[in-house]
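Using our numbering, you'd call the opening residue of the sequence shown number 69 and step up by one each time.
Glycine residues also receive a C-beta, built at the ideal position from the N, C-alpha and C atoms.
The next block holds one structure in the form of structure tokens; read it before the comments.
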Amino acid sequence: MVRVGLTVVRHGETRYNKDKILQGQGVDEPLSATGFRQADAAGLFLSNVKFTHVFSSDLLRAKQTAAAILGKNRFCKDLEIKYDARLRERKYGVAEGRPLADLKAMAKDAGEQCPSFTPPGGETLDEVRERARDFFEFLCQLAVELEQKEHSKPDAPGRSSGTSGEQFVFPWTNDCCEAEPSSEGSGSSMVLDANILVVSHGAYMRNWIGYFVSDLNCTLPANLTKSQLSSVSPNTGISHFIIKLENGNLLKPKITCVCLNQDSHLVDVGTVNV
Numbered sequence: 069m070v071r072v073g074l075t076v077v078r079h080g081e082t083r084y085n086k087d088k089i090l091q092g093q094g095v096d097e098p099l100s101a102t103g104f105r106q107a108d109a110a111g112l113f114l115s116n117v118k119f120t121h122v123f124s125s126d127l128l129r130a131k132q133t134a135a136a137i138l139g140k141n142r143f144c145k146d147l148e149i150k151y152d153a154r155l156r157e158r159k160y161g162v163a164e165g166r167p168l169a170d171l172k173a174m175a176k177d178a179g180e181q182c183p184s185f186t187p188p189g190g191e192t193l194d195e196v197r198e199r200a201r202d203f204f205e206f207l208c209q210l211a212v213e214l215e216q217k218e219h220s221k222p223d224a225p226g227r228s229s230g231t232s233g234e235q236f237v238f239p240w241t242n243d244c245c246e247a248e249p250s251s252e253g254s255g256s257s258m259v260l261d262a263n264i265l266v267v268s269h270g271a272y273m274r275n276w277i278g279y280f281v282s283d284l285n286c287t288l289p290a291n292l293t294k295s296q297l298s299s300v301s302p303n304t305g306i307s308h309f310i311i312k313l314e315n316g317n318l319l320k321p322k323i324t325c326v327c328l329n330q331d332s333h334l335v336d337v338g339t340v341n342v
């Protein structure tokens, strides 16, 4: 059994986010002062989580967020961030750089509704989901290869001994955690073969989670509502999943959503520029 922790974080706020202007892929805005504070807060929240891999969209707002999160981490400050174009935001074509209201008006004129409407030059939802599927399958393959490499080492301990893999402590609150509490009482701990951090974008993440639920039958927290499931994550919202691959079977991953769009770390993050 291959076990993978997957933590997905949306980038921090940009000036265009605040002004409700579509960025997509063609507008590469940096984080605002608020966005940097949000990223630092997410980093502090995740500071005791030891990640084995970090992937980020190659757009600036995601790259800055990933760097800020790692900068606060106790274990992973020097871990290489790998940038992947498959994690980019949905491409909005002619609507990029224009107010969200313009996109809604375009959709209405076409007799369609957001977010299913595709503006000229933009990506369809199916195309975004295909990118997400391709990246997720890449992550699963990576985890399986890591586990195989570990077990091919001379005198590699068996999982039944309780010594293989690493124990990772997560900060999730008890009401959204299905893992066993750690002995320190500081969160939850679980033995994993890989623990992966991904920094991406709101519309992309919504499509990716939709793929988990509709195509891979992801198990969701009992208290999650349909509106929460379909909502875009807040800036630096954190979602966490446990992925299990029985006998390294990449075709039938068992996915459990531990928490979705967690934003408790933002309680003390104001919106006044400093």
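Output needed for residue i: all residues of its chain with C-beta closer than 7 Å, excluding positions within five of it in sequence on either side, in chain order.
i	result
A175	Q181, C182 and F185
V300	G270, A271 and R274
K145	L138 and G139
S228	Caution applies to S228, whose pLDDT of 35 falls short of 50 and renders its modelled position unreliable; the value that the coordinates give is listed next. Excluding sequence neighbours, S228 sits near nothing in its chain.
G92	E157, R158, K159, Y160 and E164
F85	Looking at the sequence itself, residue 85 is Asn, so the reference to Phe does not match. Closer than 7 Å at the Cβ level, and outside the excluded window around N85, lie N303.
G230	Confidence at G230 is low in this model, with a pLDDT of 36, below 50, so its placement is unreliable and the value that follows should be read with caution. Same-chain partners within the cutoff: there are none.
D194	none
E198	none
Take residue i as the anchor and find which of the options has the nearest alpha-carbon.
i	options	result
L138	A109, D126, G165 and A169	A109
H333	G305, P321 and K312	G305
F119	Q106, K140, A101 and R129	K140
N303	L74, Q93 and S100	S100
I277	P98, I323, F238 and E314	I323
D331	Q209, P321, E314 and H308	H308
E148	S124, L284, L168 and L128	S124
L284	V266, S298, Q296 and L313	L313
T293	V335, L328, S282 and A173	L328
Q209	P321, N85, Q93 and G92	P321
Y279	K131, D177 and L297	L297
V326	P239, V70 and R197	P239
M69	N315, V335 and D194	N315
Going by beta carbon distance, what residues of the same chain come within less than 8 Å of residue i, once the five residues before and after it are set aside?
i	result
L171	L90, Y160, A163, C182, F185 and P187
V281	L288 and L297
L318	E205, C208, Q209 and V212
Using a threshold of 7 Å, state whether the C-beta atoms of residue i and residue j are closer than that.
i	j	result
V95	G179	no
R105	V337	yes
T133	H79	yes
K88	L168	yes
I311	V72	yes
V402	A130	No answer is possible for residue 402: it lies beyond the span of the chain, which begins at 69 and ends at 342.
L74	P98	no
In the DSSP assignment, find the alpha helix (DSSP H) that holds residue i and state where it starts and stops.
i	result
K150	Premise fails: K150 lies in the beta strand (DSSP E), I149 to Y151, not in any alpha helix (DSSP H).
F123	Here F123 belongs to no alpha helix (DSSP H); instead the beta strand (DSSP E) covers H121 to S124.
V351	What is shown of the chain runs 69 to 342, which leaves residue 351 out entirely.
Y160	That residue, Y160, is in no alpha helix (DSSP H); it is neither H nor E in DSSP.
R83	R83 to K86
F113	A101 to F113
K176	L168 to D177
S298	K294 to S298
Starting from the C-beta of residue i, find all residues in its chain whose C-beta is less than 6 Å away, skip the five residues before and the five after it, and write them out in chain order.
i	result
H345	Past the edges of the chain, shown from 69 to 342, lies residue 345, and the structure says nothing about it.
N291	none
A136	A107, D108 and G111
K150	F123
D126	Y151 and A153
F143	K118
T287	T324
N242	Below a pLDDT of 50, predicted positions are generally treated as unreliable, and N242, at 44, falls in that range; the measurement from the model is reported next regardless. Nothing listed; no residue qualifies.
Within the continuous beta strand (DSSP E) that includes residue i, where are the two ends?
i	result
G73	V70 to R78
Y309	According to the sequence as given, residue 309 is Phe; it is not Tyr. Here the beta strand (DSSP E) through F309 covers I306 to L313.
Q132	Q132 -> not in any beta strand (DSSP E); alpha helix (DSSP H) instead, spanning L128 to G139.
Q330	K322 to Q330
Any heavy atom of the ligand NAD inside 6 Å of the beta-carbon of residue i?
i	result
Q106	Absent from the structure shown: the ligand NAD. Ligands present: none.
* Touching by the beta-carbon criterion (3+ pairs, under 8 Å), the stretch 258-266 and the stretch 210-217 -> Yes: at least three Cβ pairs fall under 8 Å.
* Check whether the stretch 184-201 touches the stretch 111-119, taking contact to mean three or more Cβ pairs, one atom from each stretch, closer than 8 Å. => Between the stretch 184-201 and the stretch 111-119 there are fewer than three inter-stretch CB-CB distances shorter than 8 Å, so the stretches are not counted as touching.
* **Meets three-Cβ-pair contact criterion under 8 Å: the stretch 147-155 and the stretch 194-205** => Under the 8 Å Cβ criterion, the stretch 147-155 counts as touching the stretch 194-205, having at least three qualifying pairs.
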